[in-house]
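I have placed the structure first, in the form of structure tokens, so that the comments after it can refer back to it.
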Amino acid sequence: MSFQDIVTEKKNQWLLSHVDVAYPTPESLAGKALYLKSQINVEYSQRTVQTKLTESKFIDDIYLVDFHRLTVMFAQLQASQWPNAEEQAVVLEFFAQISLSPDQPMYIGFKKGTPVICALLTAHNGDLLISDIATNCDDEEIKAQFADQLIEIVNSQYNCSSYTLALGQTSS
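Written out as structure tokens, the structure reads:
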């Protein structure tokens, strides 16, 4: 099994575990189904860690999701990627079930105090996957810039020379 397969399975197991409870809501199960369907379109690319600090015209600040309000913002950005209100509501319910975990850190980028992008990190044997990048910005360049900035923040912990970036998780 490749790193990509292993780390994606690890990430998905963690995400799905939050609705694998005795009495999950129908909405969270519907959101789970939409999320899993969206994963079919994901494309992975290996990227080299940049040693120079990346400046971004899109992002002023990046924060670790470490309290409830940031978790809600993360869930809202994720849900905003779906095209209609009904799908957004069930995906929001799915992501709202997330419990914070140091093994699956989530990050949010802000511009002028407004959340504009978020992502999930998954580590496995010193390798990193940056996935579930969701943004309300129309410029695709923001995703790669955010990933580069995020790696600069966390690389002292992981000390990697490259990472895998997962893009394309969009609704059908």
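The opening position of the sequence shown corresponds to residue 0 in numbering that gives the first Met the number 0, with each subsequent residue numbered one higher.
Beta carbons are placed, not taken as given, at the ideal position from N, Cα and C, and that holds for glycine.
Small disclaimer: the values here were computed from a predicted structure and weren't measured.
Residue i (DSSP reduced to helix, strand or coil)
i: SER44; result: strand
i: PRO25; result: helix
i: GLY30; result: helix
i: ILE58; result: coil
i: ASP147; result: helix
i: HIS17; result: coil
i: GLU92; result: helix
i: SER170; result: Residue confidence is low: SER170 scores 47 on pLDDT, short of 50, so the model does not pin down where it sits. Its coordinate-derived value is still stated next. In the structure shown, SER170 sits in coil (DSSP, three-state: anything other than H, G, I, E or B).
i: ASP65; result: coil
i: ILE141; result: helix
Cβ-based neighbour list, residue i, same chain, cut-off 8 Å, excluding 5 preceding and 5 following
i: HIS123; result: PHE2, ILE5, VAL6, LYS9
i: PHE57; result: GLY108, LYS110, VAL115, ILE116, CYS136, ASP138, GLU140, ILE141, GLN144, PHE145
i: ASN11; result: LEU35, GLN38
Classification of residue i by the beta-carbon crowding that lies within 10 angstroms, buried from 16 upward
i: SER171; result: Note on SER171: pLDDT 44, under 50, position unreliable in the model; the coordinate value appears next. Answer is exposed; the Cβ neighbour count stays below 16.
i: PRO82; result: exposed
i: ALA74; result: buried
i: VAL18; result: buried
i: SER161; result: exposed
Short Cβ contact (7 Å threshold) for residue i with residue j
i: GLU92; j: GLU26; result: yes
i: GLU54; j: LEU166; result: no
i: THR163; j: GLN45; result: yes
Proximal residues to residue i (C-beta, below 7 Å), its chain only, five neighbours per side dropped
i: ASN154; result: VAL48
i: ILE152; result: ILE61
i: CYS159; result: VAL48, GLY125, ASP126, LEU127
i: THR24; result: GLU92
i: VAL89; result: GLU26, ALA29, GLY30, LEU33
i: ASP59; result: PHE109, LYS110, LYS111
i: LEU15; result: LYS31
Selected residue, minimal CA-CA separation from residue i, among the options
i: SER79; options: LEU69, THR134, ARG46, VAL64; result: THR134
i: PHE66; options: SER44, ALA95, LEU99, ILE39; result: LEU99
i: TRP13; options: ASP102, GLY112, ALA32; result: ASP102
i: ARG68; options: ILE39, MET0, ILE150, ALA95; result: ALA95
i: PRO104; options: ILE150, ARG46, GLY112; result: ILE150
i: VAL20; options: THR70, ILE97, THR121, TYR157; result: ILE97
i: ASP147; options: GLN156, TYR157, ILE129; result: ILE129
i: GLN156; options: ILE132, LEU120, ASN40; result: LEU120
Same chain, Cβ closer than 6 Å to residue i, neighbours up to 5 away in sequence not counted
i: MET72; result: ILE107, PRO114
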